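Take the sequence shown: its letters are residues 25 to 307, numbered as in our numbering. Idealized CB from N, CA, C, for every residue including glycine. This structure is a prediction, so every number in the text was calculated from the model and none was measured. Since the structure comes first, as structure tokens, the remarks are kept for the end.
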Amino acid sequence: MDEKIKNNYNQGSAMDLLWKKIFPEKEYYENIDVLIAGCGTNQAVYHAMKFPNSKNYAIDLSDSSINHVKKMIIKFNIKNLEVEKKDIVDLDKNKKFDYTVSTGVIHHTKNPQKSLNKLVSVTKNDGALFIMVYAIYLRQGIYYLQDAFKYLGLKPNKKGVDLVRNLIRLLPQDHYSFNYINSAKRAGGTKDLTYYAGIVDTFLNARDIAYDVYELKKMIEKSGAFFQCWQNNNYYYRDLINFSKEPKLNEQYENLGPWAKADFTQKFSPNSGKFSFILRKKF
Ligand SMILES: C[S@@+](CC[C@H](N)C(=O)[O-])C[C@H]1O[C@@H](n2cnc3c(N)ncnc32)[C@H](O)[C@@H]1O
């Protein structure tokens with residue numbers, strides 16, 4: 025399990041690696057209250073085991089995810105993880121957390137704005153949130169396929185997944201979706217398309233929204249939190265593209281605000297299918 029945690033705990037929300045970005049004003053400590061909202065099968069287990077001094081509360085809507093987590097709690101005798109079947113919007117407003125983690129979840133909820141607002145409201149005033157939502161840039165072609173598969177009535181079951189696999193083989197080689205498909209396959213990619221649930225999640229999900237930078241900005245502005253930083257700046261600043269022979273272009277770029285820089289970078293060189301970022305509370 026230790027090996028698994030080391031290799032698979034890659035949601036980027038691990039607080040030891042990220043501490044200076046999450047709480048730049050605080051010394052590192054582990055005995056904090058953590059909420060993992062939309063925990064799926066492994067995330068909360070990894071978090072609790074990796075940080076034995078933290079207190080973790082995890083929720084998810086799915087029975088199978090919750091049951092799996094419960095089994096893991098027994099199997100590994102995990103004492104610092106409580107898990108419950110619950111919708112994000114039904115979280116108890118009186119129970120507050122230092123660190124709220126929700127990766128790959130709110131873009132699947134009925135009302136992502138309401139979900140984000142709820143997560144902000146259950147975070148302590150001096151707490152922080154680590155959120156990941158889909159970004160449209162690398163995923164554009166995936167939405168073409170989601171729409172195309174809806175025309176064919178494909179369902180999120182074994183037959184639907186087999187058909188998706190076969191239909192992908194028929195795509196023209198320059199179909200937009202290959203930006204995403206190839207990046208998921210690469211070393212360090214999500215590997216989502218190598219397993220059943222990943223294919224359902226990518227192509228046959230009933231509810232799935234991706235944002236551009238400005239849509240994300242708007243959602244954050246309405247949430248009661250403020251944007252502190254990206255988890256990884258590489259995706260949102262154009263450091264690798266230097267207009268060395270056209271200094272005016274560099275100047276033009278440097279004069280852009282941070283959101284415009286991020287939008288430029290992803291539109292010029294789309295390599296991000298998700299936004300991972302840290303929010304802090306306005307209080
Ligand atoms: C793509 S998985 C991500 C799992 C995990 N956060 C991770 O990063 O590995 C999305 C999870 O969110 C859960 N989910 C979707 N809508 C939810 C909601 N409204 N409240 C709580 N969980 C939800 C799903 O059941 C699913 O387990």
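Any non-hydrogen atom of ligand 2 within 7 Å of residue i CB
i, result
"ASP114", "Here the bound small molecules are ligand 1; ligand 2 is not part of this structure."
C-beta atoms of residue i and residue j nearer than 8 Å
i, j, result
"TYR161", "VAL58", "no"
"LYS306", "PHE267", "no"
"TYR235", "SER201", "no"
"LEU105", "VAL146", "no"
"GLY36", "GLN255", "yes"
"ILE312", "PRO136", "Nothing can be reported for residue 312, as the shown portion of the chain is limited to 25 through 307."
"LYS109", "LEU140", "no"
"THR289", "TYR260", "yes"
"PHE173", "VAL188", "yes"
"LYS142", "PHE121", "no"
"LYS291", "ARG262", "no"
"LEU217", "ILE205", "yes"
Opposing strand residues paired with residue i [DSSP bridges]
i, result
"CYS63", "None; CYS63 has no bridge partner."
"VAL125", "ILE60, PHE154"
"ASP84", "LYS109"
"TRP254", "PHE301"
"ALA159", "TYR235"
"ALA249", "LYS305"
"LYS79", "ASP57"
"THR147", "PHE121"
Nearest-angstrom beta carbon gap, residue j and residue i [assumed within contact, 8 Å]
i, j, result
"ILE155", "PHE301", "6 Å"
"ARG304", "ALA152", "5 Å"
"PHE299", "VAL157", "6 Å"
"SER296", "ALA208", "The pair is not a contact, with the Cβ atoms about 13 Å apart (cut-off 8 Å)."
"TYR238", "ASP198", "With a Cβ gap of about 28 Å, TYR238 and ASP198 do not count as contacting."
"GLY165", "ASN203", "6 Å"
"ILE90", "VAL107", "6 Å"
"ILE46", "CYS63", "About 19 Å; that fails the 8 Å criterion."
"TRP283", "LYS241", "5 Å"
"ASN80", "HIS71", "6 Å"
Minimum Cβ-Cβ distance from residue i to chain D less than 8 Å
i, result
"LYS95", "Among the protein chains of the structure shown there is no chain D, as only one such chain exists."
The region 128–135 in contact with the region 88–108 per 3-pair CB rule at 8 Å:
no
Check whether the region 217–235 and the region 176–193 are in contact - that is, three or more C-beta pairs closer than 8 Å.
When C-beta atoms of the region 217–235 are compared with those of the region 176–193, three or more pairs fall below 8 Å, so the two segments count as touching.
Do three or more CB pairs link the region 49–56 to the region 74–93 at distances below 8 Å?
yes
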